[in-house]
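Note sheet for the following structure.
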Ligand SMILES: Nc1ncnc2c1ncn2[C@@H]1O[C@H](COP(=O)(O)OP(=O)(O)OP(=O)(O)O)[C@@H](O)[C@H]1O
Ligand SMILES: Nc1ncnc2c1ncn2[C@@H]1O[C@H](COP(=O)(O)OP(=O)(O)O)[C@@H](O)[C@H]1O
Ligand code: SF4
Ligand code: SF4
Ligand SMILES: [Mg+2]
Ligand SMILES: [Mg+2]
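Protein chains in written order, with our numbering: chain E, 1 to 346; chain V, 347 to 721.
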């Protein structure tokens, strides 16, 4: 595959190339969870990763963390190839690369106080004196909106889901990572709490200069926080573009269908108004030949079964993997605004 | 709470609504006796639903949506559960009928679809048998007729090769397929009322759209009444005739759907809508998050239950609980429980009855009380 895919970022903190993750099943089949995906995340950028359940978002995130290492492909973080590091080197690197999960409650140890939970990574890596560590923990609690003097000694069961997620964020930030991977970090939360945590993540990103991969299945949430968005379907990336451009003018048929199925808080849109994708994603043990979306794509032709569509750049920064992409209906100024903003940011 | 339903029986008149409502819920309350104290999960709720209509119930998690719908279904019969008020189904009082006594109504005339399809599916019974069992109890069909009818139902809810699916166990199906099966089971006895409690919360958006459309088709084909419970205002916006917004066990706003979205009156509804990320706003826009959490339902503070989180709260809000009222000059069908509703113009004469501000963002809203307008 092309090692310099179009849309690669100048100055990437993370470069993923041809990442493949396969699992064996009991009955001897192979689950093609992630199949040769490539993307970059630029310093200071938030890359959103969306797609339906089972499309490989979590597998991709975990493969970046080398938990477990991918079946094939390369992951370069801050200039180092993670797939070939020794386990000690890898542990060290992971302090720079932290992950937050969907279920904030079960990711916290029920028997330890909040203070200890947040201090744990600091203690493990012997950062500072116990006193310095304690000061750091209180600073982190303050940063995520928890009053340490009130809640520091409490245990997990005394917190709501939203508060548990604040604690996980504080813990993830303890070692001052450069990159944060949030895997469905707000998906289990109520809308109002979700808004609080999303705003908190944005604030933390500014305050701690973070680069972020934000994984979620909710496209509106992803748009909010992302500079660019990658859409996955059955282990492949269909489309990557600057967030506003992707939502204003999707070019892949799957992205368009996904956007159309989001319920809008607008009573003038009636159920019949939007086309609904029929069927369900096929099994990843036996993905369709050619384009993996072809079994549900309204535009599919013979070529789609015969030839895998490669991810190619259709307009600056807009990559699409489709033989017959949707017309670009973008008003030129939207495009210009986007690409200008993109250039400025980098 | 006696005045909660004082003003709310006037709704838009059409053929269906002039007839007797399918379901009437009147000053209904459900309380749990727990070690922490008395949990007021549902507190003085009133609404009605007509045949062929869909009512949306929205609110944050823990506001009582599930307790309300399950107790309408008669699923919460337990000595520790206390209920008051009335639930009338086609004029019959079913408030105190448990599942067993209510068997002839519940499961036949009233059916429910849950968030987690496994709540209503038996994990160790084949799909086909789960469908035919229900029919055995209620409809006088022969075994062959039951199987035929089950296959027909599975096909009608969009399950491909239904004959094969009949022989499968629930774990062999995807989440979306399982939810289709539970809908088929719910439809098996041709119910008049369907309660759907977050039926798509666990599903992906594309599957969610399929399931919501399926529910809509079933509702129309059978002229059922439907209650669609969700935390997502987007889900109910285009699919309901009326919406009820719940907060801490009570209805805080209730209106015909279009009216609600046109002119939200309750600060909680407004805040809920603002906290949802919307697709048409540019990326990076910060969300208007509602601070804090709803009150614990065993220690409800006096006054308006939303007051500690409300940006418009004044002193009065912390002392007196606002009743559900309407602004009759605008719409009698739109009711809300708030002393300082959103969108009320400050009238030139009389001057605003603004009290000294307290609350989190004191002074952000100097608005008159609604009483003068509403009563
Ligand atoms: N350890 C494993 N063994 C076998 N298959 C696996 C394993 N982990 C993941 N898979 C499969 O790989 C595919 C991708 O899974 P993954 O968890 O990455 O999806 P996802 O996009 O994160 O989905 P969700 O939105 O449900 O979290 C799925 O088909 C899943 O069943
Ligand atoms: N069996 C029970 N015993 C005690 N409290 C309960 C019980 N079931 C529900 N509750 C409480 O009732 C309130 C409303 O719950 P629920 O109806 O499930 O909310 P929703 O469906 O709106 O998320 C919550 O505070 C919940 O903890
Ligand atoms: S390549 Fe073919 S099947 Fe795939 S999205 Fe494009 S048109 Fe559809
Ligand atoms: S303005 Fe007062 S009465 Fe109205 S919602 Fe806010 S706190 Fe409650
Ligand atoms: Mg996942
Ligand atoms: Mg519920």
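Virtual Cβ for every residue (Gly too), placed ideally from N, Cα, C.
At a cut-off of 7 Å, the beta-carbon of residue 190(E) does not count as near ligand 6: no heavy atom of the ligand is closer than that.
Spatial neighbours of residue 224(E) in its own chain (CB-CB distance under 8 Å, excluding positions within 5 residues in sequence) are listed in chain order as 198.
With a contact defined as Cβ atoms closer than 8 Å, residue 133(E) and residue 122(E) qualify at about 5 Å.
According to DSSP, residue 665(V) shares a beta bridge with no other residue. The segment 9 to 23 of chain E makes no contact with the segment 199 to 210 of chain E, as fewer than three CB pairs between them are under 8 Å.
About 4 Å separates the Cβ atoms of residue 222(E) and residue 48(E), confirming a contact at the 8 Å cut-off. Counting the other CB atoms within 10 Å of its CB gives residue 119(E) a total of 16 or more, which places it among the buried residues. Interface residue (Cβ-Cβ distance to chain V less than 8 Å): residue 201(E) is not classified as such.
Taking 8 Å as the threshold, the shortest C-beta distance from residue 624(V) to chain E falls below it. Taking 7 Å as the upper bound on Cβ-Cβ separation, chain E lies near residues 577, 578, 579, 580 and 581 of the segment 570 to 581 of chain V.
Less than 8 Å separates the beta-carbon of residue 319(E) from that of residue 311(E). Counting only Cβ-Cβ distances below 8 Å, residue 276(E) has contacts in chain V at 552, 555, 556 and 559, in chain order.
Here the segment 533 to 543 of chain V lies against the segment 573 to 593 of chain V, with 3 or more beta-carbon pairs under 8 Å apart. If you draw a straight line from the Cα of residue 657(V) to the Cα of residue 594(V), it is about 17 Å long.
Bridge partners of residue 49(E) according to DSSP: 215(E) and 230(E).
Of the other Cβ atoms in all chains shown, fewer than 16 fall within 10 Å of the Cβ of residue 286(E); this residue is therefore exposed. Ligand 4 approaches residue 660(V) closely enough that one of its heavy atoms is under 7 Å from the residue's Cβ. Between residue 168(E) and residue 106(E), the CB-CB gap reaches or exceeds 8 Å.
Residue 609(V) carries a coil assignment under DSSP once its states are collapsed to helix, strand and coil. When distances are taken from the beta-carbon of residue 57(E) to the heavy atoms of ligand 5, the shortest one is below 7 Å.
Shortest gap from the CB of residue 86(E) to any heavy atom of ligand 6: 7 Å or more. Under the three-state reduction of DSSP output, residue 490(V) falls in the helix class.
Contact annotation: residue 251(E) and residue 314(E) have beta-carbon atoms nearer than 8 Å. Of the other Cβ atoms in all chains shown, fewer than 16 fall within 10 Å of the Cβ of residue 125(E); this residue is therefore exposed. Interface residue (Cβ-Cβ distance to chain V less than 8 Å): residue 233(E) is not classified as such.
Residue pairing from DSSP places residue 182(E) in a beta bridge opposite 100(E) and 214(E). Classified as buried, residue 234(E) has 16 or more neighbouring CB atoms from the shown chains inside 10 Å of its CB.
One Cα belongs to residue 143(E), the other to residue 627(V), and the distance between them is close to 27 Å. Residue 375(V) and residue 93(E) have their C-alpha atoms some 56 Å from each other. The C-beta of residue 183(E) has 16 or more other C-beta atoms within 10 Å across all chains shown, which makes the residue buried.
Following the DSSP letters along the chain, one finds residue 208(E) inside the alpha helix (DSSP H) bounded by residues 191 to 208. Counting every other CB atom within 10 Å of its CB across the protein chains shown gives residue 294(E) a total of 16 or more, marking it as buried. Shown here, residue 105(E) sits in coil according to DSSP, grouped into three states, outside any helix or strand.
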